[in-house]
Amino acid sequence: MKKENKPMFVTLLLLFFSLLAPSHSIAGAPMDQIRASVDKMQAILKNPQLRSAAKTRDRRDQLRQTISARFDFSEMARRSLGAQWRKLTPKEQEEFVRIYTDLLERAYIDRIESYSDEQFAYVRENLDKNYAEVQSRIVTNKGEEFSLNYKAHLINAEWKVYDVVVENISLVNNYRSQFNRIIANSSYEELVRRMKEKQIEVAGEKK
């Protein structure tokens, strides 16, 4: 399969496969903090008191809190929207971040809960002042191998992920292309309408 044709769900799937996999490499601060998030998510998923259907909401709420603590969804939303971001009012920016965050968190949680063991290893960690890139590789159960890199920045002593790159395909850039196409062919309002529609659709599936 050509890299440019990889569906977005592959990116989302691999993102949390990597987060839930153990690392045996020497790690710096970004890796250490990601590992702490990994351990917390694993504990949530393995907690027998949270496995029943009756505890689904509690389990997902705890996962959402852990994910939110590690990812900078506001920065991801801003970068994903590109130039259009500067045209929005503060209220519109707040609304977009809220919708964007909700959709991504729901997608990530779906991937986590369907997690199966994958072979994963960190390759290296590149630091440049307040920015870092953690490079890794994943081998799936089907023998497919993918590169996966986290891009993070330092905020108040915490490394917050603002982009994920799978096989040189950026999650943020992918969304930006989709968003820009909708805005160019229709309008920003149409983009928001579609995102809200997707929110309702996904929320309905989880009832």
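Here the numbering used here is used: position 63 in the sequence shown is 53, and no number is missing along the way.
All residues carry an ideal CB built from backbone N, CA and C; glycine is no exception.
Spatially closest choice to residue i from the options, by CA coordinates
i	options	result
N163	R68, V87, A19, N175	R68
F86	Y121, E95, L71, R96	L71
S64	N170, R88, Q74	R88
V192	R96, K36, L117	R96
I102	L161, K186, D29	D29
N170	A73, L117, I159, R50	A73
A19	R114, S160, S42, K36	R114
E187	N37, Y90, N116	Y90
L144	L117, K77, L161	L117
Inter-residue Cα distance where the pair is residue i and residue j
i	j	result
F7	A59	Unreliable placement is indicated for F7, whose pLDDT of 46 sits below 50; no coordinate value is reported for it.
I99	S176	31 Å
R184	R54	23 Å
L138	Q39	32 Å
Q83	L181	13 Å
L126	N146	According to the sequence shown, residue 126 is Ser rather than Leu. Rounded to whole angstroms, S126 to N146 spans 25 Å at the Cα level.
E148	Y121	11 Å
K81	W75	12 Å
S42	R50	12 Å
Residue j beta carbon less than 8 Å from that of residue i
i	j	result
T46	S27	no
I34	Q52	yes
Y112	M21	yes
Y140	E157	no
Q168	D92	no
K119	D62	no
M66	D153	yes
Burial state of residue i (16 or more Cβ within 10 Å)
i	result
K132	exposed
V129	exposed
E135	exposed
A142	buried
E179	exposed
**Study point:** Any alpha helix (DSSP H) of 4 or more consecutive residues that is wholly inside the region 110 to 162
**Key:** none
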